Amino acid sequence: MDPTARSPERGGRQGRRDERVGHRPVRVDHPNGDLADRARRALAALSPTHREVVVEVALRRRTVAEAAEVLGIPVDAAMARLTCALHAFRERLIEAA
Numbered sequence: 113m114d115p116t117a118r119s120p121e122r123g124g125r126q127g128r129r130d131e132r133v134g135h136r137p138v139r140v141d142h143p144n145g146d147l148a149d150r151a152r153r154a155l156a157a158l159s160p161t162h163r164e165v166v167v168e169v170a171l172r173r174r175t176v177a178e179a180a181e182v183l184g185i186p187v188d189a190a191m192a193r194l195t196c197a198l199h200a201f202r203e204r205l206i207e208a209a
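Numbering (my numbering), first residue to last: 113 to 209.
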């Protein structure tokens with residue numbers, strides 16, 4: 113299975129070769145560098161409070177409610193942090209492209 117493909121249960125389709133970032137696709141085989149490396153740098157550039165909620169939801173595959181419980185914050189706060197974090201993450205990915 114292609115490691116860049118999103119699983120059908122997470123809203124993606126198998127075999128997809130690009131990921132949407134903002135309003136434009138970023139190719140996995142982009143000539144300016146490896147997407148995984150750019151994603152690691154973008155994640156590292158987030159504030160600790162934003163990074164922790166992204167890690168819980170995106171990497172540990174928890175729901176926002178589960179992430180809020182693990183982090184000891186209200187669900188609304190987790191959703192707000194995730195929204196801000198994903199916006200910042202996308203911007204950093206676009207800048208690195």
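We put the beta carbon where it would ideally sit given N, CA and C, even for glycine. Just so we're clear, the structure is a prediction, and the values are computed from it rather than from any experiment.
Asked                                                                                                                                                                    : Found
Starting from Val167, follow the alpha helix (DSSP H) in both directions and report where the run begins and ends.                                                       : Val167 -> no alpha helix (DSSP H), and no H or E assigned at all.
Can you give me the start and stop residues for the alpha helix (DSSP H) that Thr195 sits inside?                                                                        : 187–208
Assuming contact is defined by CB atoms lying nearer than 9 angstroms, are Arg153 and Ala208 in contact in what I supplied?                                              : yes
Which of helix, strand or coil does DSSP assign to Arg174?                                                                                                               : coil
According to DSSP, is Asp149 helix, strand or coil?                                                                                                                      : helix
Quick check: Leu183 and Ala190, are their CB atoms within less than 9 angstroms of each other?                                                                           : yes
Please say whether Leu155 and Val165 have beta carbons closer to each other than 9 angstroms?                                                                            : no
Here's a check: name, in chain order, each residue in its chain whose Cβ is nearer than 8 angstroms to the Cβ of Arg163, leaving out the five neighbours to either side. : Leu155, Ala156, Ala197
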